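Right, one structure below, let's go through it.
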Amino acid sequence: MSAGDISGWYVVPTLKPLGLSTEALSDGTNVVRFQIAVTNLASFRLECRDSLTNAAWASLGTFAATGAVTEVSDTNTVPSRFYRVVRP
Numbered sequence: 206m207s208a209g210d211i212s213g214w215y216v217v218p219t220l221k222p223l224g225l226s227t228e229a230l231s232d233g234t235n236v237v238r239f240q241i242a243v244t245n246l247a248s249f250r251l252e253c254r255d256s257l258t259n260a261a262w263a264s265l266g267t268f269a270a271t272g273a274v275t276e277v278s279d280t281n282t283v284p285s286r287f288y289r290v291v292r293p
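Residue numbering for the sequence shown follows the working numbering, beginning at 206 and increasing consecutively.
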């Protein structure tokens, strides 16, 4: 996903709807913001990879579910990146 390509609501199986927005900054940095609605979990992990052919997912961290919607951001300079939200 390139910054600016996708905006909207998506369904993550076990974690409820996911809000997503992207922004491309003038210095070539991409900012991806997620709004994740978490129920019945104390935390979740956000992972990414820069290619679908790469089998390994890199962890962007484990985040506490602080309320009805938890916001998480990723800042990167790669042209595309793939994300997934998983239980810790």
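For each residue, glycine too, the CB sits at the ideal point set by N, CA and C.
Quantities reported herein were computed from a predicted structural model and do not represent experimental measurements.
CB of residue i within 8 Å of CB of residue j, strictly
i    : j    : result
T267 : R254 : no
S264 : R238 : no
T234 : T271 : no
V290 : A242 : no
R292 : L225 : no
Bridge partners - residue i, DSSP secondary structure assignment
i    : result
N235 : A229 and N281
Limits of the unbroken beta strand (DSSP E) element including residue i
i    : result
A263 : A263 to A269
R292 : Here R292 belongs to no beta strand (DSSP E), and DSSP marks it neither H nor E.
R250 : S248 to R254
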